[in-house]
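>
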Amino acid sequence: MALRLYNSLTRSKEPLHPLTPGIVRMYVCGPTVYNYCHVGHARAYVCFDMVVRYLRQCGLQVHYVSNITDIDDRILTAAAQSGESARAIAERFTQAYFEDMQRLSVLRADHHPRVTDTIPQILDLISTLVDHGHAYFVDGDVFFDVTTAPQLGELSHQDPEQQLAGARVEVDVRKRDPRDFALWKSAKPGEESWPSPWGAGRPGWHIECSAMSIAAHGPQLDIHGGGIDLIFPHHECEVLQSESATGKRPFSRIWMHNGHVMIDQVKMSKSLGNFFTIREVLAHHPPSVLRFLLLNTQYRKPVEFTPEAMVEASKALLRLQQGTFQLASSASAGVTEASSQWAPLAAAIASYTTAMDDDFNTRDAIATLFTLLSAYAQDAPKLSAADATTALAFLRRVEDVLSIGLFATPGSPQWASTSPLPAVPSAIEDAEVMRLLAQRDAARARRDFPSADTIRRQLSEAGIEVQDVGGTSTWRRR
RNA sequence: GCGGGGGUGACAGAGCGGCCAUGUGCACGACUGCAGAUCGUGUUUACGGGAGUUCAAAUCUCUCCCCCCGCACCA
Numbered sequence: 014m015a016l017r018l019y020n021s022l023t024r025s026k027e028p029l030h031p032l033t034p035g036i037v038r039m040y041v042c043g044p045t046v047y048n049y050c051h052v053g054h055a056r057a058y059v060c061f062d063m064v065v066r067y068l069r070q071c072g073l074q075v076h077y078v079s080n081i082t083d084i085d086d087r088i089l090t091a092a093a094q095s096g097e098s099a100r101a102i103a104e105r106f107t108q109a110y111f112e113d114m115q116r117l118s119v120l121r122a123d124h125h126p127r128v129t130d131t132i133p134q135i136l137d138l139i140s141t142l143v144d145h146g147h148a149y150f151v152d153g154d155v156f157f158d159v160t161t162a163p164q165l166g167e168l169s170h171q172d173p174e175q176q177l178a179g180a181r182v183e184v185d186v187r188k189r190d191p192r193d194f195a196l197w198k199s200a201k202p203g204e205e206s207w208p209s210p211w212g213a214g215r216p217g218w219h220i221e222c223s224a225m226s227i228a229a230h231g232p233q234l235d236i237h238g239g240g241i242d243l244i245f246p247h248h249e250c251e252v253l254q255s256e257s258a259t260g261k262r263p264f265s266r267i268w269m270h271n272g273h274v275m276i277d278q279v280k281m282s283k284s285l286g287n288f289f290t291i292r293e294v295l296a297h298h299p300p301s302v303l304r305f306l307l308l309n310t311q312y313r314k315p316v317e318f319t320p321e322a323m324v325e326a327s328k329a330l331l332r333l334q335q336g337t338f339q340l341a342s343s344a345s346a347g348v349t350e351a352s353s354q355w356a357p358l359a360a361a362i363a364s365y366t367t368a369m370d371d372d373f374n375t376r377d378a379i380a381t382l383f384t385l386l387s388a389y390a391q392d393a394p395k396l397s398a399a400d401a402t403t404a405l406a407f408l409r410r411v412e413d414v415l416s417i418g419l420f421a422t423p424g425s426p427q428w429a430s431t432s433p434l435p436a437v438p439s440a441i442e443d444a445e446v447m448r449l450l451a452q453r454d455a456a457r458a459r460r461d462f463p464s465a466d467t468i469r470r471q472l473s474e475a476g477i478e479v480q481d482v483g484g485t486s487t488w489r490r491r
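The first sequence runs 14 to 491 under this note's numbering.
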């Protein structure tokens with residue numbers, strides 16, 4: 014396997030050599046559940062879902078852990094504003110997160126630990142840091158002492174001396190060094206809190222990921238992922254805490270960071286208010302189209318999210334689905350162990366593998382699909398069922414990784430459409446569409462074109478667009 | 001200020017020393033009962049500006065310009 018992945022720590026592409034041969038320990042920073050996830054979150058989880066799927070297809074056993082941060086300042090703020098309990102808010106948005114991910118075909122991680130279930134491990138980790146002189150206590154709060162960690166700046170590649178030059182946040186005067194960060198925060202009256210040796214409180218922002226990763230994977234892991242905005246301070250702090258507590262380096266062998274989703278060339282973010290939630294987008298587009306859009310750019314590059322981009326994505330995806338549909342209809346159902354001499358297929362398999370092995374270049378991988386389907390369209394008349402069947406097997410393998418609905422059936426929820434899907438099911442049911450289409454096919458077979466056209470017009474008025482592809486008809490909701 | 005990532009044809013976006021990326025759009029043609037989808041052919045010197053290295057540069061070096069991201073809120 015010639016797989017190479019970009020490591021933010023070394024700033025270069027490296028082969029993957031897991032701590033335990035054949036087994037990949039992987040952790041991805043999950044959401045803080047105080048609101049619905051937006052397209053930016055979707056990108057992160059779709060990208061890492063693709064990574065996990067591809068690694069598994071390469072024969073690696075991936076142990077994938079992704080946390081739920083269900084206690085945090087922002088959740089407490091939301092609770093104070095709405096009057097709801099922090100726990101209720103966290104629970105509600107945790108469920109929403111899982112629903113959104115399921116619709117986007119993001120597989121569940123093997124384990125989704127929650128911060129509130131990990132408090133004992135967090136307290137242990139903080140105690141260890143205090144005992145070893147890496148952390149100190151100041152009236153209710155515990156801070157990490159950055160001067161005890163020589164690896165400061167290693168992951169973010171910052172000169173530690175320069176780090177405060179552009180600081181945007183006011184520095185807590187109780188810190189010994191302005192760069193120190195909170196491991197434990199004392200509770201204000203009424204806030205959800207846990208008892209600790211330092212008084213009632215809750216974990217600081219960074220410690221939970223260290224604790225959960227160590228609990229699940231041990232002191233070291235192979236791949237740690239998240240959005241590029243997490244490199245600093247979040248992941249930098251994780252490195253300092255984890256390595257100082259366990260004495261093992263590196264905490265993670267490979268750090269992977271996905272690029273942002275942009276709106277008008279600016280990062281989509283909650284604080285700027287320029288975001289679309291996943292459910293807003295999915296109210297108007299098939300989930301496969303959003304997933305396709307996100308995977309149609311290499312995961313480290315920024316991706317522009319616009320209505321036009323969604324339309325273009327749906328057109329491109331529709332072509333792939335149409336092509337796959339035609340290929341499937343010419344493949345022989347009985348042939349399973351097919352072999353093919355068809356050159357474009359071998360070329361497609363080779364370039365797909367090269368693209369994916371090169372730090373998961375899904376954009377390039379998708380380009381090979383267009384090339385393959387276009388070659389198929391040209392060569393179709395002279396190809397055997399075995400050729401088609403082998404090509405189809407390849408497309409299935411691709412679909413297992415990308416999960417963009419290549420094998421969607423016409424009219425199904427994953428079938429791309431350029432216009433919004435109705436939020437509520439339209440007046441006409443799928444079964445009724447199928448029945449009318451069967452009637453129309455029969456009419457066409459006996460060359461009764463006026464009847465066929467009447468049915469097509471009738472369906473069109475119900476918002477169903479019918480397309481004749483080869484011998485079969487496909488349809489989609491407009 | 002410090003650190004990072006970019007600027008590719010009408011648009012989106014790969015490539016990162018020599019070979020047609022790919023998709024969308026547009027134009028013309030083919031096929032189809034019609035429509036659409038599909039197929040073919042185009043869309044003139046595509047690589048931010050300038051200098052250099054090389055037989056050969058979008059790709060390497062230097063320099064300048066512009067955009068974005070991070071700097072203790074964030075996927």
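We put the beta carbon where it would ideally sit given N, CA and C, even for glycine.
Would you kindly check if the distance between the Cβ of Q164 and the Cβ of A224 is under 8 Å?
The answer is no: Cβ separation not under 8 Å.
> On the three-pair Cβ rule with 8 Å, is the region 253-263 touching the region 281-301?
no
> On the CB-based measure, 16 or more other CB atoms within 10 Å of its CB, does T90 come out buried or exposed?
exposed
> Mind pulling the beta strand (DSSP E) runs of 3 or more residues that sit fully within the region 69-157?
74-79, 148-151 and 154-157
> Where does the unbroken alpha helix (DSSP H) through A224 begin, and where does it stop?
I220 to H230
> Considering only C-alpha positions, which residue in the set V302, T402 and F373 is nearest to L419?
V302
> Between the region 374-390 and the region 441-459, are three or more C-beta pairs nearer than 8 Å?
no
> When we look at the beta-carbon of P435 and count the other beta-carbons within 10 Å, is it buried (16 or more) or exposed?
Confidence in P435 is poor, its pLDDT being 42 and thus under 50, which makes the residue's placement unreliable; the coordinate value appears in the next sentence. Exposed, because fewer than 16 other Cβ atoms sit within 10 Å of the Cβ of P435.
> What do you get for Q108, buried or exposed, if any count of 16 or more other CB atoms within 10 angstroms of its CB means buried?
By the 10 Å Cβ count, Q108 comes out exposed.
> If you reduce the DSSP assignment to three classes, tell me which class K26 lands in.
strand
> Using 8 Å as the threshold, is the C-beta distance between H51 and S79 below it?
A distance of 8 Å or more separates the beta carbons of H51 and S79.
> Could you please give the first and the last residue of the uninterrupted alpha helix (DSSP H) stretch that includes A258?
E249 to T259
> Tell me the rounded alpha-carbon separation between I241 and S257.
Note on geometry: alpha-carbon atoms of I241 and S257 lie some 23 Å from one another.
> Measure from the alpha carbon of S21 to the alpha carbon of each residue in A361, D371 and G238, then state which is nearest.
For S21, the closest of A361, D371 and G238 by C-alpha to C-alpha distance is G238.
> Are the Cβ atoms of M275 and E325 separated by less than 8 Å?
no
> Closer than 7 Å by C-beta to A99: which residues in its own chain qualify, once you throw out the five before and the five after it? Chain order, please.
I84, I88, L89, A92 and E205
> Have a look at L408 and T337 and give me their C-alpha separation to the nearest angstrom.
8 Å
> Quick one: give me the first and last residue of the alpha helix (DSSP H) that A455 is part of.
D443 to A458 is the extent of the alpha helix (DSSP H) around A455.
> Report back the beta-carbon spacing between Y40 and H248 to the nearest angstrom; my notes put them in contact at under 8 Å.
11 Å between Cβ atoms; not a contact.
> Roughly how many angstroms separate the alpha carbons of L120 and I236, rounded to a whole number?
Annotation: L120 to I236 spans about 17 Å, alpha carbon to alpha carbon.
> Can you name the start and end residues of the alpha helix (DSSP H) that Y365 belongs to?
In the DSSP assignment, Y365 falls within the unbroken alpha helix (DSSP H) covering A356 to D370.
> Which whole-angstrom value is the C-beta distance of L382 and L450, which I expect to be below 8 Å?
Contact doesn't hold; Cβ gap of about 27 Å is too wide.
> So, are the CB atoms of V75 and L68 less than 8 Å apart?
yes
> To the nearest angstrom, how far is the alpha carbon of D277 from that of I132?
Rounded to the nearest angstrom, the two C-alpha atoms are 41 Å apart.
> Could you check the C-alpha separation between R63 and S226 for me, to the nearest Å?
Per the sequence shown, residue 63 should be read as Met rather than Arg. Taking the straight line joining both Cα atoms gives about 20 Å.
> Going by the beta-carbon positions, is the gap between L330 and A213 smaller than 8 Å?
no
> Around the Cβ of G217, are there at least 16 other Cβ atoms within 10 angstroms (buried) or fewer (exposed)?
Buried.
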